[in-house]
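Chains as they are written, first to last, in the UniProt record's numbering: chain S, 1 to 661; chain D, 1 to 661.
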């Protein structure tokens, strides 16, 4: 009798459908006889072809060459060149009206890029001119290779901060400026190498492990650390701590109260209020974006004039000083692969590379989805990576697409990457002719510009949203924030990533399992806890597992299911005695050898309790392995496999009635 | 019109059920009107109560105190004491017939434990007597605290090997024997502390990360390393390498060909053949288990007699030498918490503790499931941990339940942990009176005993099974094996664990997604690739996601779904133009803030393409978050939520027909 069950083939009688449960015994019996569907195994595939498919899904989820299929060879070549140089996509159809838009956008971001370039270079303990160099060559390279139309390329605050702090641990920028510069270029080279490799090896998913919660917390923490560093410039302190944490910086600020200069503080307050007001205006009326975009340059001009007119440098206000005119000098001879510093530069390159890549790709994706075009993540990585490799050979340090500058670019109406070229040309003009004008620019105004820029990284609405959505994510966010502020920028990031991954692992180790019940009058089975209308089916324990079954959770599943069986068995009256344990495998995407052993174990132990284990709807890979286990040891006959819970319940209740004494 | 959809409440008309798709338009229309079910959110819970439930599932999946509920206070106390001391479970009802069985089993495992104890201590570079001490106190402690009835406790090969190799890196056992001994006891103390803490903190799931594939590969590798170490004794080499890897050991063996002693080799071959034959006999006829159980002791006796009679120690056969009579001396004064060695002992304790815990718990679980009783993993960890802490204070080194000895115990018919007590008492008698008899025992026979014992750890059928089941698991197994043999025991293990975890993460980063089709004549929707009978529904793209949606995979999901939509849109003829994208969330157990952002993004981008996004059957937590996102921003109106794909398709095809021009 048992052998007969489950042996029905497909029922091709297309006009009948849907099993009715609880709608009368006779009906159920007929229904069970009529509509049993077999669980099919996926078509047999060789290991090699499965491996190929897996590799393709892992590394080429976007299938970048799908357009190439079936095209003639010459077209393929043209397409390949176009793929490598996205500039060819838009240059042929470039028009004067597009150029007008890009010109406006390019000049706007240049007015932002010049003061920010100088400021961020100082944040990285580099000579200010390196910041301008970095706003000249990399944007040109990106314009050729990059696929985003909105990304405005240049140095960014967080990567500058991290590079400065990591290199300062080994070398003092004041004592050995040349060595420090060499290490900065070498780190930039490695950053570019890491970024380009991630793109070429299509390992872009590594940056996905920086979750939104991690980034929100990290950015907010880094913004505060960056702002704290500016207290040196804003208060006019000369002997400032070289440490970064909240505690040592505040201690240093309080300890050096005597060095505070009232002239500097007055200037700081005025320009900070001005910049923040401009920022506020632009946020409130987005059409006035140019107010905040031009404010930094305006502040630089006004403050430089003030210093020049009042000879303020003689009253305790520190100024940038002489800057040399001229374009980027080649710096490949400055790349330093000395084993003594190799570890440091590789590590610095890795951290700054991944951080700046994350920012660049995220910014690119954000604006692409606003304008509804596609940005290829891996191609972006190659573009950003090459841009940094070229940069490291032309006196530039780490650059990427900055959020604030790209937002201005977008608001100013940029159409193509030409706006980056315009910006680079403007910076070039500055480098060639206008450098002497910056002699009297006070450092305090640069500090104010940095603070006004990074304050946007503290995204309180996002934090509130995370708190409301998911308390665990909020914890991750908080840890990233606290780690950055109290320990260090890198370790805060590492802690947050660690917690995120641990959380994912915990989800696997303790997968969700539910008892399902039948929704009255249907053949739908749903979670008893979630649906009040769902009712237990007497004699059945219907469980769903919602995770891959693997080594990390088989022990848990085993214990948990046994406990449920025990509870059910002890609670059951004679009428509703437990006969069947149904395991719905619909939501189990994969199973490993430990998982198969677990199923075999479970089958044996349920049999010892006089119960029968039924498996419902194993998906492709799982079905394949169940079949293999059956071939090897005969553990899973086809009569314990059903396609839906409804069919299993209908068929088995009929069966148990027929065989009941 | 749109507002009307999805607004149907529950249909309580229990006699109707099952939606028919494709069975005539009129029918479908009626069916769609009749049986739409709402997606319910789980009952509202406070964060605290959710956290409590989560913590309970994570740390108390077995709910150890569920028997306590509703019992009077005194009963609770009695139960608590019984929980802490499982000995109280069986002692009150202990009978003479049980004792007879335990006596036979205890004497049998003692005959195995004495030669193995001496051998394994030598493997750990410790004095042989420490091995006997370790077979005396820990079994007594375990008998009181342990909940397994079959576990035979004592030193084991792999933990001995690892402890020896890790401590030898810092201290030479020949040059500083006392310091080495101190470090061994201290490591044992930390091992016990780690084990007991894992039990008390209920972090037992940490050992779950050693998957079956990892363990099979690791054990096989370790068995080979252990056997290689025995070549010193088997060949009679005096100047042997202190390294462990395959390459240096074989180099050392070949380099010292002149030291090979033919007398030793002859003896080695004879006894090895004898032991392996005995092993083979016991495996073929399980009733003759005592043959392999008693063979080691018989070999020791015979070889000792031979050496004594022929004065073989004068012919190049090395012997154990004088051993002192007497029981374990207290060793708490030997525990060394010197900062210089603290790192080493903590690390050694951690590694040996987790390895031996894994073995002990796995062995306990295996035999418990054979005899169908429950072993509480966390309680076992506490028992094994306390046993090692007590052991470290009474001149014992790391002990756990050994697989081979427990199997003998089980086969010999043990009934309770009393067999461990019998074994301990036998070892005690040996320690008190029989130690002088071991003076002439040759080292070569100990080497042969170790090889015969560890050869069982090479589980070729399991390897074959893993190869057939899962190629990726096989790779993990191979890496563990190769890592142990060519790099080092600890690093081989670390590599295998790393690959296992990376694999789990990769599964999350690249989750399975399938296009589903309707199985003809039913309302069942299944994977198009797996079921040939499944057919696409024109106008619909039905996708299932089988993983939690979180930061690690939202980018991938986004790209993959967009690509599918693109392909569908370009392939569709006018008749079958794509209108709806259905995302079946049944198999999505959890979602985080990145996941919610992804859904919102996806909804916006599908709308831009003139498509409608439909979500089917979000489970508890996911539904809750979708609801919260809707409350906050109104992204997910209830008209895009359906309980089953069948209902969604039926309702939407009716709807699109009604509104079509």
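Virtual Cβ for every residue (Gly too), placed ideally from N, Cα, C.
Item	Value
Same chain, Cβ closer than 7 Å to residue 451(S), five either side skipped, listed in chain order	227, 230 and 272
Cβ shell of residue 675(S) (< 7 Å), same chain only, five flanking positions each side left out	The first residue shown for chain S is 1 and the last is 661, placing residue 675(S) beyond what the model contains.
Pick from 170(D), 163(D), 614(D) and 81(D) that is closest to residue 222(D), judged by C-alpha positions	163(D)
Residue interval of the beta strand (DSSP E) (run including residue 612(D))	612-616
Chain D within 8 Å of residue 559(S), Cβ atoms only	yes
Inter-stretch contact (C-beta, 8 Å, three-pair minimum) for the stretch 508-521 of chain D and the stretch 473-487 of chain D	no
Segment contact flag, the stretch 529-543 of chain S with the stretch 580-589 of chain S, C-beta cutoff 8 Å, min 3 pairs	yes
Contact set between residue 469(S) and chain D, taken where Cβ atoms lie within less than 7 Å	593, 596, 625 and 628
Cβ of residue 63(D) within 8 Å of any chain S Cβ	yes
Assumed close pair residue 587(D), residue 546(S) - CB separation to whole angstroms, cut-off 8 Å	6 Å
Contact belief for residue 208(S) with residue 552(D) at Cβ below 8 Å, rounded distance in angstroms	5 Å
Under 7 Å by beta carbon: chain D residues contacting residue 82(S)	Within chain D, no residue comes near residue 82(S); the closest Cβ sits about 18 Å away, beyond 7 Å.
Beta-carbon contacts of residue 22(S) that lie in its chain and below 6 Å, excluding the five residues immediately before and after	Residue placement at residue 22(S) is poorly supported in this model, since its pLDDT is 41, which falls under 50; the coordinates still yield a value, given next. Contacts found: none.
Chain S contact for residue 538(D) (CB, 8 Å cutoff)	no
At least three beta-carbon pairs within less than 8 Å, the stretch 598-618 of chain S to the stretch 557-564 of chain S	yes
Residue 322(S) versus residue 287(S) - alpha carbon distance	37 Å
Neighbour flag for residue 504(D) against chain S, beta carbons, 8 Å	yes
Same chain, Cβ closer than 8 Å to residue 7(S), neighbours up to 5 away in sequence not counted	Confidence in residue 7(S) is poor, its pLDDT being 36 and thus under 50, which makes the residue's placement too unreliable to answer from.
Where residue 175(D) sits in the DSSP three-state scheme	coil
Nearest-angstrom beta carbon gap, residue 367(S) and residue 150(S) [assumed within contact, 8 Å]	4 Å
Per-residue contacts from residue 286(S) into chain D (C-beta, under 7 Å)	Residues of chain D passing the Cβ test: none, with the nearest at roughly 19 Å.
Contact set between residue 221(S) and chain D, taken where Cβ atoms lie within less than 8 Å	Correct list: empty, because the minimum Cβ distance to chain D is about 18 Å.
The alpha helix (DSSP H) enclosing residue 741(D), as first and last residue numbers	The structure shown has nothing for residue 741(D), since chain D only spans 1 to 661.
Test: residue 507(S) CB closer than 8 Å to a CB of chain D	yes
Residues near residue 624(D) by beta carbon distance below 7 Å, same chain, minus five either side	41 and 42
Cutoff 8 Å: residue 556(S) Cβ touching any chain D Cβ	yes
Pick from 374(D), 382(D) and 645(D) that is closest to residue 566(S), judged by C-alpha positions	374(D)
Rounded straight-line distance, which links the Cα of residue 132(D) to that of residue 114(D)	6 Å
Distance, residue 494(D) Cα to residue 93(D) Cα	46 Å
Enclosing alpha helix (DSSP H) for residue 103(D) [first to last residue]	96-123
DSSP bridge partner residues for residue 536(D) (one or two, in chain order)	Partner(s): none; residue 536(D) has no beta bridge.
Option in 335(D), 464(D), 385(D) and 497(D) with minimal Cα separation from residue 182(D)	335(D)
Residues from the stretch 512-546 of chain D in contact with chain S, defined by Cβ distance under 8 Å	512, 514, 519, 520, 521, 522, 523, 524, 526, 527, 529, 530, 531, 532, 533 and 546
Neighbour list for residue 644(S) in chain D, Cβ cutoff strictly below 7 Å	524
Host alpha helix (DSSP H) of residue 310(S) (start-end)	289-310
Any non-hydrogen atom of the ligand MN closer than 7 Å to residue 83(D) Cβ	The ligand MN is absent from the structure shown, which contains no ligand whatsoever.
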